[in-house]
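Going by the numbering used here, the first residue of the sequence shown is number 408, and it counts up by one from there. All residues carry an ideal CB built from backbone N, CA and C; glycine is no exception. A quick note: this is a predicted structure, and the numbers were derived from the prediction, not measured. Here's the structure, in structure tokens; my notes come after.
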Amino acid sequence: MVDDELYREIILEHYHHPRYKGALPDANLTAEGMNPLCGDELTLYLKTDGDRIVEARFDGRGCSISQASASMLTEAIRGLTVDEAKALLERVKAMLTGSPHEPFDEDDDLSALEGVKKYPVRIKCALLAWTTLEEILHK
């Protein structure tokens with residue numbers, strides 16, 4: 408697990424400089440998610456070609472953790488098949504809830520989300536983009 412300072416740096420980097428933020432007009436899959444506790448709102452856009460995710464973007468507003476997590480998600484799932492994205496989703500959910508999972512490499516930005524589990528009230532913030540992805544993938 409990355410140390411707390413590095414975790415904060417990675418989260419803030421994705422928050423201040425989000426990857427793939429903004430609408431995707433030619434998306435063929437979209438879903439909206441909301442976290443009423445924090446006021447986070449998110450729309451996730453995917454463009455697929457067959458079973459491969461060729462583009463992913465998000466839009467919305469929210470706390471640094473929800474926005475950073477969405478940025479990491481859109482970066483991580485580009486180029487994956489739907490099944491690979493589902494497996495990644497389950498891995499992230501397990502990491503955030505403290506369930507057994509295959510650890511992420513420390514140089515993988517997703518590893519920074521592991522620090523969120525120390526703050527149970529923020530887990531829903533980190534999971535928002537991922538539960539929105541889950542909704543899309545199970546349509």
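Query	Result
Distance cut-off 8 Å: L540 Cβ against heavy atoms of the ligand GTP	With respect to the ligand GTP, the structure offers nothing, as it holds no ligand at all.
CB contact flag (A477, L495, <9 Å)	no
Through-space distance from M479 to P507, alpha-carbon basis	21 Å
Closest Cα partner of L534 within the set E497, E491, D515, G429	E497
G522 - DSSP class collapsed to helix/strand/coil	helix
Candidates D466, V489, C445: closest to D458 by CA position	V489
Segment contact, 8 Å Cβ cut-off, at least three pairs: the stretch 499-513 with the stretch 435-445	no
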